[in-house]
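**Student:** Please find one structure pasted underneath; my questions will follow.
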Amino acid sequence: MTKNIKFTVFLALIITFISCDDKIDVDVPEAPPRLVIEASLDWKKGTAGNNQTIKLSTSTPFFDTTTNTSVIGASVRVTNNNSNAVYNFVDQNDGNYTITNFVPVLNDSYTLEVIYNGETYTATENLIPVTPIMNPTQSLEGGFDDEVLDVTIFFDDPADEENFYMVRIKEDTDLFAELETQSDEFTNGNVQEEFFEKERDDEDPEAEYNPGDTVNIRLFGISERYYNFISLLIEQYDSGGDPFSVTPAEIRGNCVNQTNEANYAFGYFRVTEFDEIDFTFQ
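By my numbering, the letter at position 210 of the sequence shown is numbered 196, and the numbering carries on one by one without gaps.
Okay, here's the thing in structure tokens:
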């Protein structure tokens, strides 16, 4: 190799390493903060359902380090559109608005009204009933991996009507719950089932379900609109990190700003009945 060639290669390497150290500033567009409404009025079977909480906060830019985004001073109420009963939620000064005398009535229509910064947000949903969970079963054959424990729940789907479901499962040690949705479009009136299995990790035997592990399983009856909303959220969450997934898009809930439509809120107002069991693997 001639001296000129050696010098050229050496110079190219120097330029490469120097360019790796250069700081690149990327302008990330920042949207103005929006109201975030977490209004899930969930009624557990066999309980009064009178204690309910609605949480309000504001959104923040992606790189913002603000930790306290709680909204205080808002007016929050829910109206039963069938009986005209009004339920005023009390501001706890921490972003939570609570009530102790809510009366859930299956299939009744409810409207949420939030007044914040002089603007009124509303949303309407029906209280959807749900069928009870049958005895769950565990196996090594019901899932994708025949060396990993899985749990399956069963429930009867009412005939001659459209039904939509959300299943939530969470182990004691899990930071987040796992969610699945289901409709009876092709199985109307039949016994439905949903199974859950954790992926095996050879380096961490505790990652999968093991004998002695306890999981909490909830089955919710949900509206078709909420089914579509939460299914899209689950799809985007599960595809995180997948280079072949569809580009994530903003998903809007059912909360509408009646004062200024452009200043819409994030979140969803749902009213559901749910059944719940705790299952321990053997």
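Glycine included, each C-beta is placed from N, C-alpha and C at the ideal position. These numbers come from a predicted model, not from an experiment.
Give every residue of the same chain whose Cβ lies closer than 8 Å to the Cβ of residue 264, excluding the five residues on either side of it in the sequence, and list them in chain order.
**Tutor:** Hits under 8 Å: 200, 201, 202, 203.
**Student:** Which word fits residue 177, buried or exposed, when buried means at least 16 other C-beta atoms lie within 10 angstroms of its C-beta?
**Tutor:** Exposed, because fewer than 16 other Cβ atoms sit within 10 Å of the Cβ of residue 177.
**Student:** Please identify the residue among 156, 121, 92 whose C-alpha is closest to the C-alpha of residue 184.
**Tutor:** The option with the nearest alpha carbon to residue 184 is 156.
**Student:** With which residues is residue 124 paired in a DSSP beta bridge?
**Tutor:** According to DSSP, which records beta bridges pairwise, residue 124 is partnered with 137.
**Student:** Please classify residue 109 as buried or exposed, where buried requires at least 16 other C-beta atoms within 10 Å of its C-beta.
**Tutor:** The residue is buried, with at least 16 neighbouring Cβ atoms inside 10 Å.
**Student:** Going by beta-carbon coordinates alone, are residue 62 and residue 74 separated by less than 9 Å?
**Tutor:** Yes.
**Student:** In whole angstroms, give me the CA-to-CA distance for residue 116 and residue 257.
**Tutor:** About 12 Å.
**Student:** Can you say whether residue 168 is buried or exposed, counting buried as having 16 or more other CB atoms within 10 angstroms of its CB?
**Tutor:** Buried, since its Cβ has 16 or more Cβ neighbours within 10 Å.
**Student:** In three-state DSSP terms, what is residue 217?
**Tutor:** Residue 217: helix per DSSP, three-state reduction.
**Student:** What is the DSSP secondary structure of residue 63, reduced to helix, strand or coil?
**Tutor:** Residue state, collapsed to three classes: strand.
**Student:** Which residue marks the beginning of the beta strand (DSSP E) containing residue 253, and which one marks its end?
**Tutor:** Counting along the chain, the beta strand (DSSP E) containing residue 253 begins and ends at 252 to 266.
**Student:** Could you name the residues that DSSP lists as bridge partners for residue 25?
**Tutor:** According to DSSP, residue 25 bridges with 255.
**Student:** Given a threshold of 16 other Cβ atoms within 10 Å of its Cβ, counted over all protein chains shown, does residue 58 qualify as buried or as exposed?
**Tutor:** With fewer than 16 other Cβ atoms within 10 Å, it is exposed.
**Student:** Measure the beta-carbon distance from residue 23 to residue 251 and round it to whole angstroms, keeping in mind my assumption that it falls under 8 Å.
**Tutor:** Going by Cβ atoms, the distance from residue 23 to residue 251 rounds to 5 Å, so yes, they are a contact pair.
**Student:** By the three-class DSSP mapping on this structure, what secondary structure does residue 185 have?
**Tutor:** Three-state result, residue 185: coil.
**Student:** Helix, strand or coil for residue 211, going by three-state DSSP, please let me know.
**Tutor:** Correct three-state label for residue 211: helix.
**Student:** Beta-carbon of residue 175 versus every beta-carbon of chain B: anything under 9 Å?
**Tutor:** Here chain B cannot be found, since the structure has a single protein chain.
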